[in-house]
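Student: Just dropping this structure here.
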Amino acid sequence: MECRRAWGKLNPCYDDALAIRKAVFINEQGIDPKLELDGTDEDKMHYVGYVDDQPVTTARLDMLAGNRLKIQRVATVANARKQGYAGSLIQQIIHDAEASGVAHIELDAQVTALDFYRQLGFVPVGETFMEAGIEHQTAEYAASHR
C-alpha cells in the first residue's frame, strides 16, 4: 500500500479521502452529512492509502495545542477491510508524528474499533461518550510503544 498525504482541501488526496469518508460514515453508518463534513477539513492533514492506485483507507489529522496530534475520521472502504490497510496507515501516521517530534497522539475511537486501536498501541482513557449517535472512547498512543 502506498500512503499519500496532503494539507487542506485543494488536492486530489483530499478528494479521495472525502470519497472514502462519505461512503463509510454517511452512506454505511448513516451519519448526518452536516456532522461528518464539519467545515474544518481545510485546516487538517489528510492521509490516504492506495492499493493499485485506488484509494482504500483514510485518516484526518488535527494538530492540537501542546504539540499534540489527534487522529480523526479513520475509514476503509468495505471491499478493502480486514486486510491491514488502516493499520498500516495508522502506523505511518505514528512514524511521521514521531519523526516530527509530536509529544502526544490520541484519537476518539468508535467503541467497536477499540480492539483494533489497542493492537496498534493505543490505550483507552476516560468514559465512553456519544458522538454522531455512535458510542466512542478516547484512546492515547502508549509511550511504551515509542
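Residue numbers (full-length UniProt numbering): 1 to 146.
Beta carbons: idealized from backbone N, C-alpha and C, even for Gly.
Only counting the same chain, and skipping five residues up and downstream in sequence, which positions put a Cβ closer than 6 angstroms to that of A75?
Tutor: Cβ neighbours of A75 beyond the five flanking positions: I20, R21, V24, T58.
Student: Pairs of beta-carbons, one from the stretch 53-72 and one from the stretch 28-39, closer than 8 angstroms: are there three or more?
Tutor: The answer is no - the stretch 28-39 does not touch the stretch 53-72, with fewer than three Cβ pairs under 8 angstroms.
Student: Run the CB neighbour count on P55, radius 10 Å, all protein chains shown included, and call it buried at 16 or more, exposed below.
Tutor: The residue in question, P55, is buried, as its Cβ has 16 or more Cβ neighbours within 10 Å.
Student: Which whole-angstrom value describes the C-beta separation of T138 and G121, a residue pair presumed to lie in contact below a C-beta threshold of 8 angstroms?
Tutor: 15 angstroms between Cβ atoms; not a contact.
Student: Of all the options G30, G8, A17, which has the alpha carbon lying nearest to the alpha carbon of E131?
Tutor: Among G30, G8, A17, the Cα nearest to that of E131 belongs to G30.
Student: Nearest to Q119 by alpha carbon, out of N27, S88, D38, D96?
Tutor: It is S88.
Student: Short of 7 angstroms in beta carbon distance, which residues of its chain neighbour A109, apart from the five on each side in sequence? Order them along the chain.
Tutor: The residues are Y117, H136, Q137, A139.
Student: Can you give, in chain order, each stretch of the beta strand (DSSP E) that sits fully within the UniProt domain "N-acetyltransferase" (1-146) and has at least 3 residues?
Tutor: You should have 2-7, 45-51, 54-64, 68-76, 104-110, 122-131, 134-141.
Student: Nearest by alpha-carbon distance to D16: which of V77, A99, I90, V111 is it?
Tutor: It is V77.
Student: Quick one, are the C-beta atoms of R5 and M45 less than 8 angstroms apart?
Tutor: Yes, they are a contact pair.
Student: Count the other CB atoms, across all protein chains shown, that sit within 10 Å of the CB of R146; report buried if there are 16 or more and exposed otherwise.
Tutor: Reliability of the predicted coordinates at R146 is poor, the pLDDT of 45 falling under 50, and no value is obtained from them.
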